[in-house]
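Using the working numbering, the letters of the sequence shown map in sequence onto residues 2 to 353. The beta carbon of each residue, even a glycine, is placed where N, CA and C say it ideally should be. Reviewing the structure listed below.
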Amino acid sequence: MVLKGNYAAAIGAILAGCRHVYGYPITPSTEGAELMAKLLPKLDGVFLQACSEVATVNHMYGCASAGLPVLTFTSSPGFSLMLEGISYFIGAELPGVFVNVMRPGPGLGYIGPEQSDIKLACRGLGHGNTHAIVLAPTSPQEMLDLTLEAFALAFRYRNPVIIAADGYLGQITGRVSLPDHLIEPGLPDWAVWGDAAHRGNLISSILQDWAELEKHNEKISAKYRVMEANEQRSTGYRLEGSTTLIVACNTPARMAKAAVERLRREGRRVGLFQPLSLWPFPIKDLMVLLKVARRVVVVEASDGQLEDEMRLALHHARGPDIDIRHLRHMGGILPTDQEIYEIAKSCTEVAR
2 MVLKGNYAAA
12 IGAILAGCRH
22 VYGYPITPST
32 EGAELMAKLL
42 PKLDGVFLQA
52 CSEVATVNHM
62 YGCASAGLPV
72 LTFTSSPGFS
82 LMLEGISYFI
92 GAELPGVFVN
102 VMRPGPGLGY
112 IGPEQSDIKL
122 ACRGLGHGNT
132 HAIVLAPTSP
142 QEMLDLTLEA
152 FALAFRYRNP
162 VIIAADGYLG
172 QITGRVSLPD
182 HLIEPGLPDW
192 AVWGDAAHRG
202 NLISSILQDW
212 AELEKHNEKI
222 SAKYRVMEAN
232 EQRSTGYRLE
242 GSTTLIVACN
252 TPARMAKAAV
262 ERLRREGRRV
272 GLFQPLSLWP
282 FPIKDLMVLL
292 KVARRVVVVE
302 ASDGQLEDEM
312 RLALHHARGP
322 DIDIRHLRHM
332 GGILPTDQEI
342 YEIAKSCTEV
352 AR
């Protein structure tokens with residue numbers, strides 16, 4: 002079938018067993034919530050339009066405390082308002098999925114596409130020592146697949162998961178294949194529920210003993226280390242033998258793929274490295290490619306936020322000192338395949 006990106010994420014959530022969605026309308030993410038408002042009542046589910054994004058995340062907190070899969074659709078200004086609540090999610094070890102269809106800022110900004118929440122999602126999820134897995138789709142198919150996977154990850158680690166899309170990706174349509182099964186999640190043993198097995202449970206992030214709070218932080222940080230080790234994800238295009246790597250995700254990766262195809266036809270060994278997880282950044286896969294590649298071109302619709310994540314990961318992995326170049330646009334303007342072609346061509350010779 003053919004689906005808009007926002008719709009694909011909604012269908013992915015339903016396939017994952019999510020029957021509870023809370024949200025507040027904000028362009029360019031609203032269609033996902035709109036579809037959920039139509040479908041969930043027919044599936045014995047709940048859609049609630051909250052009075053604000055702050056209310057939304059706290060509704061989600063209550064639902065997640067009951068052990069139920071829960072999701073919201075939002076966009077950059079709304080995501081900012083949810084950050085305190087996301088910190089509470091992390092402190093209370095609660096699963097939840099936040100689909101952030103990014104738009105330009107700062108301030109009110111505009112309703113076009115941008116990637117300027119990467120740093121917020123990877124490094125700024127509210128107060129405290131906070132991290133969450135951040136997944137970056139590039140097509141409606143990946144909007145569905147990664148949202149479906151996000152629920153499994155959220156419950157595996159009892160931690161929020163962020164879907165970092167962009168405004169263009171939320172609006173475009175594409176061919177989508179559906180899995181052949183639905184997931185029917187059970188009630189986890191930690192859930193606060195009214196039956197005898199769950200009645201004694203307590204969900205809270207309040208720890209007033211300093212030593213106890215430090216141990217709680219250490220427990221959460223240990224989960225982060227497991228995530229970093231096990232949840233790095235990437236894909237790519239024409240990576241074999243590449244001496245120049247274009248690093249891009251979301252819609253810019255779509256533009257980069259067209260440029261790579263053109264460059265390869267000219268005999269230039271250029272490939273596309275597409276991170277599917279922005280945190281943890283897929284540095285293991287990149288390090289393998291850097292045994293051959295001599296330079297990287299980071300293409301993004303932000304002022305270097307993706308490049309910062311890559312550079313930090315390279316530093317911690319003690320990666321090689323490579324030539325790093327970039328192509329950036331902001332304000333709703335996306336890099337074009339022609340621009341990507343030109344910058345990659347300028348630094349990549351034809352293979353002999």
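Could you spell out where the beta strand (DSSP E) holding residue i opens and where it closes?
i	result
Ile204	Where Ile204 is concerned, there is no enclosing beta strand (DSSP E), given that its DSSP letter is neither H nor E.
Pro276	Val271 to Pro276
Thr28	Thr28 -> no beta strand (DSSP E), and no H or E assigned at all.
Asp324	Asp324 to Arg329
Pro161	Pro161 to Asp167
Phe74	Val71 to Thr75
Asn101	Gly97 to Met103
Glu301	Arg296 to Glu301
Arg176	Thr174 to Arg176
Thr236	Ser235 to Tyr238
Taking the straight line between their C-alpha atoms, what separation do you get for residue i and residue j?
i	j	result
Gln209	Ala314	34 Å
Ile334	Ala197	55 Å
His217	Ile341	46 Å
Leu264	Cys250	19 Å
Asn130	Arg255	34 Å
Thr139	His21	25 Å
Pro336	Arg312	21 Å
Ile27	Leu84	16 Å
Lys224	Val271	36 Å
Gly46	Leu72	12 Å
Lys292	Leu240	12 Å
Gly195	Ser81	33 Å
Cys19	Arg295	44 Å
Val261	Glu267	10 Å
Tyr23	Lys285	36 Å
Leu69	Gly127	23 Å
Ala302	Gly201	48 Å
Leu203	Arg159	14 Å
Tyr8	Ala352	43 Å
Pro281	Arg319	16 Å
Check the C-beta distance from residue i over to residue j and give it rounded, since I have them as a contact under 8 Å.
i	j	result
Ser66	Leu95	6 Å
Leu4	Cys123	That pair is no contact at about 27 Å.
Phe48	Ala56	In fact, because the Cβ distance is near 14 Å, the residues do not count as touching under 8 Å.
Val102	Ala151	No, Val102 and Ala151 are not in contact; Cβ-Cβ is about 14 Å, not under 8 Å.
Ala345	Thr245	6 Å
Leu307	Val299	6 Å
Thr349	Arg226	Not confirmed; about 37 Å, so no contact.
Ile87	Pro161	6 Å
Pro114	Met331	Going by Cβ atoms, the distance from Pro114 to Met331 rounds to 11 Å, so no, they are not a contact pair.
Closest by CA to residue i, which one among the options?
i	options	result
His182	Ser140, Ile15 and Asn160	Ile15
Leu188	Ile87, Phe99 and Cys64	Cys64
Gly13	Ser205, Gly68 and Leu149	Leu149
Ile207	Glu241, Ala9 and Ile91	Ile91
Gly33	Leu154, Gln172, Arg157 and Tyr158	Gln172
Ala137	Arg269, Arg266, Lys292 and Arg234	Arg234
Asp338	Ser205, Thr252 and Arg200	Thr252
Val100	Val58, Gly68 and Pro107	Val58
Ile164	Phe156, Ile247, Leu214 and Ala133	Ala133
Lys258	Arg266, Tyr238 and Glu267	Tyr238
Met2	Lys285, Ala212, His327 and Thr174	Thr174
Asp167	Trp211, His128 and Thr31	Thr31
Ile112	Ser205, Val289, Tyr169 and His60	Tyr169
Ala10	Pro141, Tyr25 and Lys43	Pro141
Val297	Gly332, Ser347, Ile221 and His330	Ser347
Please report the residue range of the alpha helix (DSSP H) in which residue i lies.
i	result
Val55	Glu54 to Ser66
Trp211	Trp211 to Asn231
Ala14	Gly6 to Leu16
Leu387	In the structure as shown, the chain starts at 2 and stops at 353, and residue 387 therefore has no counterpart that could be examined.
Arg124	Ile119 to Arg124
Glu308	Gln306 to His317
Leu339	Looking at the sequence shown, residue 339 is not Leu but Gln. Counting along the chain, the alpha helix (DSSP H) containing Gln339 begins and ends at Asp338 to Ser347.
Gln142	Pro141 to Tyr158
Leu264	Asn251 to Arg266
Val289	Ile284 to Leu290
CB of residue i to nearest heavy atom of the ligand GTP: below 8 Å?
i	result
Ile173	Among the components of this structure there are no ligands whatsoever, and the ligand GTP is therefore not found.
With a threshold of 8 Å, are at least 3 pairs of Cβ atoms found where one atom belongs to the region 75 to 83 and the other to the region 114 to 126? yes
Looking at C-beta atoms only, is the number of pairs between the region 265 to 276 and the region 319 to 326 that lie closer than 8 Å three or more? no
The region 169 to 182 touching the region 130 to 150, judged by at least three CB pairs closer than 8 Å: yes
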